[in-house]
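Only one structure is covered here, and it is reproduced in the block below.
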């Protein structure tokens, strides 16, 4: 039996990942600002093991208590592996560096990187005596490798998330039993993509529509498709710690 902790589970890719993890051999812990009633009902209908925590990841000073609460309600010794899936993310602000607002920059880094970093080190701290394997899964972005215009905060925060993946590999490569992996998903039909399209000018919006719907030179995947691929890759024992996986 494995324990999965998934952030940003109420919508988009996080929701799709959580849906696929609702199997009886898993204990699923979901974290998001609002509880997904659909996910709760799905767990009931499938007989899945789901615990849900409503939590705003911008409240970084409360993350340690969140982790303590999670581990006080599960019995670690019954799990073979513990997975932390740092999926929560926001794209805003979408603007040039000269037009950024400090509060938006802070919010972006809190959600996209700092909360994931803090959640990671507290999960590792409170599972130090765990006998099984611990896997940190960071849902990053291709924008971490190839910066996108007007995505300064998103690109830089995801680059930091990839650095966390590589650092965990370096620290634990000799100790063993702790792995880290980053995923760079392709374009998906999510609210984040809609926010990005909304921020474009009319010509960019039209060109995006032409590329996706008419020329079909750009594919937009469903979150369910990518969730299936991610879970399949995680099940592959050949995946190396520190890998940054570009998904097509």
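Residue numbers (the numbering used here): 815 to 1062. Glycine included, C-beta positions come from ideal geometry on N, C-alpha and C.
Taking the alpha helix (DSSP H) that residue i belongs to, which residues open and close that run?
i            : result
residue 912  : Here residue 912 belongs to no alpha helix (DSSP H), and DSSP marks it neither H nor E.
residue 1048 : 1037 to 1048
Where do the N-terminal and C-terminal ends of the beta strand (DSSP E) with residue i fall, by residue?
i           : result
residue 997 : 992 to 998
Would the beta-carbon of residue i fall within 9 angstroms of that of residue j?
i            : j           : result
residue 1044 : residue 997 : yes
residue 878  : residue 932 : yes
residue 953  : residue 906 : no
residue 821  : residue 856 : no
residue 899  : residue 951 : yes
residue 944  : residue 983 : no
residue 897  : residue 949 : yes
residue 895  : residue 975 : no
residue 881  : residue 936 : yes
residue 968  : residue 922 : yes
residue 850  : residue 824 : yes
List the residues that DSSP assigns as beta-bridge partners of residue i.
i            : result
residue 818  : 842, 897
residue 1057 : 995
Ranges of the alpha helix (DSSP H) found wholly within the region 826 to 887, counting only runs of at least 4: 826 to 835, 851 to 860, 877 to 886
Stretch-stretch touch, CB-based, cutoff 8 angstroms, three pairs: the region 924 to 932 with the region 986 to 1003: no
Alpha helix (DSSP H) segments (min. 4 residues) lying fully within the region 916 to 973: 916 to 923, 929 to 940
Segment contact flag, the region 907 to 921 with the region 956 to 966, C-beta cutoff 8 angstroms, min 3 pairs: yes
Cβ contact (3+ pairs, closer than 8 angstroms) linking the region 837 to 844 and the region 857 to 873: yes
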